[in-house]
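Q: Submitted below is the structure of interest, expressed as C-alpha cells.
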Amino acid sequence: MSRSHTRVTEAVRDEACPVTEVLDRVAGKWSIGILMAAAHGPVRFTELERAINGISRRMLTLNLRRLERDGLLIRTVHPTVPPKVEYSLTPMARELHASLTGLVSWAERHRSAIAEARAAYDTAAEQ
C-alpha cells in the first residue's frame, strides 16, 4: 500500500470513528426506544419497561446507565420511600429526538416497500 493511500485511510478512519462510536450508542435497538419514550417528559423505570416491548430489566438498566453517561439522559432520584427515580432527556438528547422522529416516520412510511423489496430479492435469489 502506498504511503499516500495510507494517509487517506487514516484520515477517513479518524473522521469516521467518532461518528461510528456515537451512532453505535444512540442508534441501538434499545436506545432509540428509550429516547423516544423519555421524550414525553420525565418517565419512571417501570413506565419505560412497559413502553419498550421485549426489553429485559437488566438491558434497560444497562442502556439507561449508558445514555446517562453519554449525557443524553438525566436521572433524578426523589427522596421518598421507596425512592422515586425519573429519567428525562437532556437538551442534547432533545435535539437528537428531532432526528430520530424523522427516522421513525421514514421507517413507518417505507416499511411495506422494504418488505416488498425483500420478498422480490428473495424470490430472485431462489431462482
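Residue numbers for the sequence shown follow the working numbering, so the first one is -19 and each next one is one higher. Just so it is clear, CB atoms sit at the ideal spot from N, CA and C, and this is done for glycine as well.
Output yes or no for whether 8 Å exceeds the beta carbon distance between Arg98 and Glu66.
A: Cβ distance not < 8 Å, so Arg98 and Glu66 don't count as in contact.
Q: May I ask you to report which of helix, strand or coil DSSP gives Ser36?
A: Of the three classes helix, strand and coil, the one that applies to Ser36 here is coil, per DSSP.
Q: Do Arg5 and Arg46 have their C-beta atoms closer together than 8 Å?
A: Yes.
Q: Tell me whether Ser92 is buried or exposed, calling it buried when 16 or more other Cβ atoms sit within 10 Å of its Cβ.
A: Exposed, by the Cβ-count rule.
Q: List the DSSP bridge partners of Val23.
A: Partner(s): Tyr67.
Q: Quick check: the Cα distance between Ile94 and Glu48, rounded to an integer number of angstroms?
A: The alpha-carbon atoms of Ile94 and Glu48 are separated by roughly 34 Å.
Q: Can you give the Cα-Cα distance for Arg89 and Glu96, rounded to whole angstroms?
A: Their Cα atoms are separated by approximately 13 Å.
Q: Considering Leu15, what are the terminal residues of the alpha helix (DSSP H) in which it resides?
A: From DSSP, the alpha helix (DSSP H) with Leu15 extends over 9 to 18.
Q: Judging by CA-CA distance, which residue of Leu69, Pro(-2), Thr60 is the nearest neighbour of Gly21?
A: Comparing Cα positions, the closest option is Leu69.
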